[in-house]
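K.L.:
Sharing a structure with you now.
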Amino acid sequence: MSGDMKSRIVKVLSDTLGVPVASISDSSSPETIASWDSMNHIHLVVALEAEFGVSFDPEKALEMLSVATIESTVRELGGK
Amino acid sequence: MTAVIRRATERDLPEVLRYLAGALGGTTGHFRRYFDYPWLTDKPEIGFMIDDGGVRGFIGVIYANRMIRGVVRRFCNLTSIAVEPSHRKLSLQLFKATFADKATTYTGFSPSKEMIEVLRFFKFEHHPMEKAVLVAAPTSLRALVPPKIRLRPEPRDLVDEERSIVRDHTGLSRFATLVVERGSERCFVASVRRGRTVRAYSEIVHVSNNELALETMPWIQGALALRQRTAIAMIETRLLPRVPRLAYVAKKFRPLMFRSPDLKHEDIDALYTELCL
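This is the structure we're talking about:
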């Protein structure tokens, strides 16, 4: 289940940021992916909300800057 | 120097004005008016900025304290937003700093497409903007008894909130007020002249009695045409009970966006905002 959620998050990141799935790792962040800027972060949050059926608080969403923090936040909100 | 996000104060104004003129186009004088607004002498800040030894991004804020249903509320109207492409990864942190006060009502009256996305992210409400456009007074109304209109209302013609509005907007050359009286009814109207030359129009931003405003709109428009030298008047349709006769509705406007702890969209108008400056 954990692997499934993570792979779905990676797929959303890949689609939103326009980078290959293979290039996304646990250490990926706005510092390592050039296209991960503010506007794309908003698009990412919107796409994650649609994918997992959750709604992020803006403050929380601003902290989702890695696959791990995205996954833990989605889990906290009971994302499916 | 590492880039930091911080409050921009009066001391930063010259550098901020140069930055905005370069980033958005226009003169420093054009942007200065947004920070010299007359209704708040003790301004907490002029905005928030990304600073790495120079200005790399800026969000301007126009504050106002307004009495709404007997309670003073703090408003913050957003203006003059720009971020250097090299610092766009800090944009959302800049907005977060700007929207830090949960008790403040934040408004954006002309957000761009990108701004709409940003403001939605920060849980702003989104309201489509529709305006009734009035071109000329219909001749069929000339037979009716016209209301009495005071183009330059004296203080004695005004009640408390109206007196504050007039006082707080004193000196703004594009701003005009008038009072309509019909029998025992009255309506206080505030308007801003917008656009230039033949495209100039009067934008009515506040009416205190929307029924009377609706019924007397041709005369209001005529009075504003005289006072502000405009051939066209516009008013947001939500400020009136219905669209005035012989007006048409224009819809191609940027939406109103706001975030408030308790106010509804009917509580929000363009007084005390960049639109009046």
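Chains A and B are the protein sequences, given in the same order.
Each residue of the first sequence is one higher than the last, beginning at 1 in the working numbering.
Each residue of the second sequence is one higher than the last, beginning at 1001 in the working numbering.
All C-beta atoms in this analysis are idealised placements derived from N, C-alpha and C, irrespective of residue type, glycine included.
Remember, it's a predicted structure, so these values are computed and weren't measured experimentally.
Please compile the residues from chain B whose C-beta is within a distance smaller than 8 Å of the C-beta of Asp-15/A.
P.N.:
Within chain B, no residue comes near Asp-15/A; the closest Cβ sits about 17 Å away, beyond 8 Å.
K.L.:
Any Cβ of chain A within less than 8 Å of the Cβ of Thr-1002/B?
P.N.:
Taking Cβ atoms only, chain A never reaches closer than 8 Å to Thr-1002/B, which makes this a no.
K.L.:
Quick check on DSSP: helix, strand or coil for Arg-1156/B?
P.N.:
Note: Arg-1156/B maps to helix in three-state DSSP.
K.L.:
Hey, would you say Thr-1098/B sits closer than 8 Å to Ile-1068/B, going by beta carbons?
P.N.:
No, Cβ-Cβ distance for Thr-1098/B and Ile-1068/B is not below 8 Å.
K.L.:
In the segment 30-45 of chain A, which residues sit with their C-beta less than 9 Å from some C-beta in chain B, listed in chain order?
P.N.:
Residues passing the 9 Å Cβ filter: Pro-30, Glu-31, Trp-36, Asp-37, Ser-38, Met-39, His-41, Ile-42, His-43, Val-45.
K.L.:
Spell out a yes or no on whether the segment 18-33 of chain A and the segment 1064-1082 of chain B are touching, meaning 3 or more CB-CB pairs, one atom from each, closer than 8 Å.
P.N.:
The segment 18-33 of chain A, when compared against the segment 1064-1082 of chain B, does not touch it at the 8 Å Cβ threshold.
K.L.:
Using DSSP bridges, identify the partner residues of Cys-1076/B.
P.N.:
Bridge partners of Cys-1076/B: Tyr-1063/B, Tyr-1106/B.
K.L.:
Is it right to say Ile-9/A is buried, meaning 16 or more other beta carbons lie within 10 angstroms of its own, or is it exposed?
P.N.:
Buried, by the Cβ-count rule.
K.L.:
Mind checking Lys-80/A: buried by the 16 CB within 10 Å criterion, or exposed?
P.N.:
Counting Cβ neighbours within 10 Å, Lys-80/A comes out exposed, since fewer than 16 surround it.
K.L.:
Just to confirm, is the Cβ distance from Met-1129/B to Pro-1244/B under 8 Å?
P.N.:
Taking 8 Å as the Cβ cut-off, Met-1129/B and Pro-1244/B do not qualify as a contacting pair.
K.L.:
Judging by CA-CA distance, which residue of Lys-1102/B, Phe-1122/B, Gly-1057/B is the nearest neighbour of Arg-1074/B?
P.N.:
Residue Lys-1102/B is the option with its Cα nearest to Arg-1074/B.
K.L.:
Listing by chain order, which chain A residues have their CB less than 9 Å from the CB of Arg-1088/B?
P.N.:
Asp-37, Ser-38, Met-39, listed in chain order.
K.L.:
So what does DSSP say about Ser-1191/B, is it helix, strand or coil?
P.N.:
Ser-1191/B falls in the strand class under three-state DSSP.
K.L.:
Give, in chain order, every residue of the segment 1104-1130 of chain B whose Cβ lies closer than 9 Å to some Cβ of chain A.
P.N.:
Taking 9 Å as the Cβ-Cβ cut-off against chain A, the residues of the segment 1104-1130 of chain B that qualify are Glu-1114, Glu-1117, Val-1118, Arg-1120, Phe-1121, Phe-1122, Lys-1123.
K.L.:
With 16 as the cutoff for other CB atoms within 10 Å, does Glu-63/A come out buried or exposed?
P.N.:
By the neighbour-count rule (16 or more Cβ atoms within 10 Å), Glu-63/A is not buried but exposed.
K.L.:
Are Ser-1164/B and Cys-1187/B touching if we call contact CB-CB under 8 Å?
P.N.:
Their beta carbons are not under 8 Å apart, which means Ser-1164/B does not touch Cys-1187/B by this criterion.
K.L.:
What separation, rounded to the nearest whole angstrom, lies between the Cα atoms of Met-1/A and Arg-1120/B?
P.N.:
With a pLDDT of 41 at Met-1/A, under the threshold of 50, the predicted position of this residue should be treated as unreliable, and no value is reported.
K.L.:
Between which two residues does the alpha helix (DSSP H) harbouring Ile-24/A extend?
P.N.:
Note, Ile-24/A: premise wrong, no alpha helix (DSSP H); not H, not E.
K.L.:
Taking the continuous alpha helix (DSSP H) assigned at Met-1234/B, which residues delimit it?
P.N.:
Counting along the chain, Met-1234/B falls outside any alpha helix (DSSP H), though it belongs to the beta strand (DSSP E) covering 1232-1236.
K.L.:
Mind pulling the chain B residues with CB within less than 8 Å of Leu-62/A?
P.N.:
Going along chain B in sequence order, the residues near Leu-62/A (Cβ under 8 Å) are Leu-1092, Gln-1093, Lys-1096.
K.L.:
Do the segment 1215-1234 of chain B and the segment 1030-1040 of chain B touch if we need at least three Cβ pairs shorter than 8 Å?
P.N.:
No: fewer than three Cβ pairs fall under 8 Å.
K.L.:
Hey, which unbroken runs of the beta strand (DSSP E) at 3 residues or more fall wholly within the segment 1201-1252 of chain B?
P.N.:
DSSP runs (the beta strand (DSSP E)) wholly in the segment 1201-1252 of chain B: 1201-1207, 1232-1236, 1248-1250.
K.L.:
Whole angstroms are fine: how far does the CA of Arg-1156/B sit from the CA of Arg-1150/B?
P.N.:
Approximately 12 Å between the Cα atoms of the pair.
K.L.:
Return the first residue and the last residue of the alpha helix (DSSP H) that Gly-1047/B is part of.
P.N.:
Where Gly-1047/B is concerned, there is no enclosing alpha helix (DSSP H), although the beta strand (DSSP E) it sits in stretches over 1047-1051.
K.L.:
Express the C-alpha separation of His-1169/B and Glu-1154/B in angstroms, rounding to a whole number.
P.N.:
If I take the Cα positions, the gap works out to 15 Å.
K.L.:
Following the continuous beta strand (DSSP E) through Val-1133/B, name the residue where it begins and the one where it ends.
P.N.:
Looking at the DSSP string, the run of the beta strand (DSSP E) that includes Val-1133/B is 1131-1134.
K.L.:
Under 8 Å, Cβ to Cβ, is there at least one residue of chain B near Thr-69/A?
P.N.:
No, Thr-69/A does not count as interfacial toward chain B.
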